[in-house]
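Numbering follows the UniProt record's numbering, in which position 208 of the sequence shown is assigned residue number 208; successive positions increment by one, without gaps.
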Amino acid sequence: MARNYNLEELRALSSAFGEKESQTKFNTFIFLPFGISMGTFYIFLTPLIPFKSPIDFVLVIFGLLFGGLGALFGWRQLLPQIVERDYQRKQFNEKHRFVNTLTQLMVDEQRSVWLCLKSVSERVDGQFKTDLEILVARLKNPDEAETRASFSEFSARYKDDIFFVQYVDELSSSFLEGRGNFKTLQELKDSYNDIKLKQEAFYTRKKAVLSMAFKVYFSLLGFVMVFHFLPPIASVYAPVFSHSILGWIDFSLFYVIMLWFFNKLSIGFFDDNLLQMQK
Numbered sequence: 001m002a003r004n005y006n007l008e009e010l011r012a013l014s015s016a017f018g019e020k021e022s023q024t025k026f027n028t029f030i031f032l033p034f035g036i037s038m039g040t041f042y043i044f045l046t047p048l049i050p051f052k053s054p055i056d057f058v059l060v061i062f063g064l065l066f067g068g069l070g071a072l073f074g075w076r077q078l079l080p081q082i083v084e085r086d087y088q089r090k091q092f093n094e095k096h097r098f099v100n101t102l103t104q105l106m107v108d109e110q111r112s113v114w115l116c117l118k119s120v121s122e123r124v125d126g127q128f129k130t131d132l133e134i135l136v137a138r139l140k141n142p143d144e145a146e147t148r149a150s151f152s153e154f155s156a157r158y159k160d161d162i163f164f165v166q167y168v169d170e171l172s173s174s175f176l177e178g179r180g181n182f183k184t185l186q187e188l189k190d191s192y193n194d195i196k197l198k199q200e201a202f203y204t205r206k207k208a209v210l211s212m213a214f215k216v217y218f219s220l221l222g223f224v225m226v227f228h229f230l231p232p233i234a235s236v237y238a239p240v241f242s243h244s245i246l247g248w249i250d251f252s253l254f255y256v257i258m259l260w261f262f263n264k265l266s267i268g269f270f271d272d273n274l275l276q277m278q279k
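Here it is in C-alpha cells:
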C-alpha cells in the first residue's frame with residue numbers, strides 16, 4: 001500500500017522514468033471521485049427536479065460536501081497508489097530490459113562484463129539508468145572489496161525484487177571470477193521473463209474485477225434512479241425518503257459501506273505483493 005505523499009513527492013515519483021505526469025491526470029483522480037460521491041448523494045437524496053422545498057437547498061450543499069469527501073478519498077487514497085503503481089511498473093520494465101539485454105550481450109565472451117554493463121546503461125531510462133551509470137563509473141578501476149560493495153549498493157535499491165537481487169549477485173561473481181556461472185544468469189533471466197508474463201496476466205485479471213465492480217455499482221445507482229420516474233413512488237420519494245431522518249440515516253449507512261467497499265477495492269487492486277518474491 002502506498003504511503004502518504006505530498007504534491008511535490010507525487011510529481012517527482014511520476015517523473016522518475018520519463019515525462020512528468022500532466023496536471024490533467026492528477027485532476028482526473030480527484031474530480032472523478034468527487035463526481036461519483038456527489039452524484040451518489042443526489043441520486044439517493046434529491047428529487048428528480050430539485051429546489052422544490054427549502055430542504056432541497058440544504059441537500060444541494062450537503063451534496064457538495066459529500067463530493068468533497070470523494071475528492072479527499074481520491075487525493076489521499078487513489079492518486080498516491082496510482083502514481084506509485086505506475087512508478088513500480090516502469091521500474092520493473094527497465095530492470096527487465098537490463099536483465100535481458102545484458103545476458104544477451106554477455107554471450108560474446110570477447111566483451112568484458114564492464115563493457116556489457118556500459119552498453120546496457122545506454123539503453124535503459126529514468127532513475128534506473130542513473131543508478132546503473134553510477135555502478136558503471138564505480139566499477140571502472142575497482143578492487144574486489146569496492147566491486148562487491150558497488151554491486152551490493154546497486155542491488156539494495158531494488159531489495160524487494162529478490163530475483164533481480166539474485167541476478168545482480170551472480171553478475172558480481174561473473175565480474176570478479178569470470179563467466180563460469182553464465183548458465184545461472186540465463187536461468188534467472190528466463191525466470192524474470194516468466195514473472196513479467198505473470199505480472200501482465202495478473203494486472204489483466206484485476207482490471208476485469210475492477211470493471212465488473214464499477215458496472216455493479218452504477219447498475220445499483222441506475223436502479224435507484226428508476227424510483228424517481230415510477231409514478232407511484234416518485235410522488236412520495238421526497239417526503240418519505242430524501243426529506244426524512246430515516247432516509248438520511250439509511251443513506252449515511254450506505255455511504256459508509258460504499259467508502260469501505262471502494263477502499264477495500266483500491267487496496268486489493270493496488271496490492272502487488274503476489275508479484276514480489278519475498279525472502
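Each residue gets a CB set at the ideal place from its N, CA and C atoms; glycine is no exception.
Boundaries (first-last residue) of the alpha helix (DSSP H) holding residue i
i	result
A145	E144 to A156
K159	Run containing K159: none; DSSP gives neither H nor E here.
K196	F182 to F227
S235	P231 to Y237
G178	Segment: none, G178 is in no alpha helix (DSSP H) and carries neither H nor E.
N263	I245 to F270
G68	P54 to F73
Proximal residues to residue i (C-beta, below 7 Å), its chain only, five neighbours per side dropped
i	result
I55	H243
residue 320	Because the chain spans 1 through 279 in this model, residue 320 falls outside it and cannot be assessed.
E144	L176
L69	S37
F26	L79
Q77	N263 and S266
I245	none
Exposure label - residue i; buried when at least 16 CB within 10 Å
i	result
F262	buried
V165	buried
P33	buried
D108	exposed
M212	exposed
S219	exposed
G67	buried
V168	buried
L253	exposed
E122	exposed
V256	exposed
S53	exposed
D161	buried
Nearest-angstrom Cβ-Cβ length linking residue i and residue j, presumed shorter than 8 Å
i	j	result
F163	S191	6 Å
Q110	S266	Contact doesn't hold; Cβ gap of about 51 Å is too wide.
F227	A234	7 Å
M106	F182	7 Å
I30	W75	5 Å
E170	T147	E170 to T147, Cβ: 14 Å. No contact.
K196	H96	5 Å
G247	L65	Wrong, their Cβ atoms sit about 17 Å apart, outside the cutoff.
N100	K189	6 Å
Chain-order list of residues whose beta-carbon lies under 8 Å from that of residue i (same chain, five-residue window excluded)
i	result
L221	G39, T40 and I43
F98	V120, V124, F128 and L132
Q186	T103
G35	G67 and G70
Cutoff 6 Å; reference residue i; Cβ partners in own chain excluding five residues on either side
i	result
V113	S174 and F175
R85	F270
R138	S150
V236	none
Exercise. Taking the runs of the alpha helix (DSSP H) that are 4 residues or longer, which of them lie wholly in the region 82-134?
Worked result: 113-121
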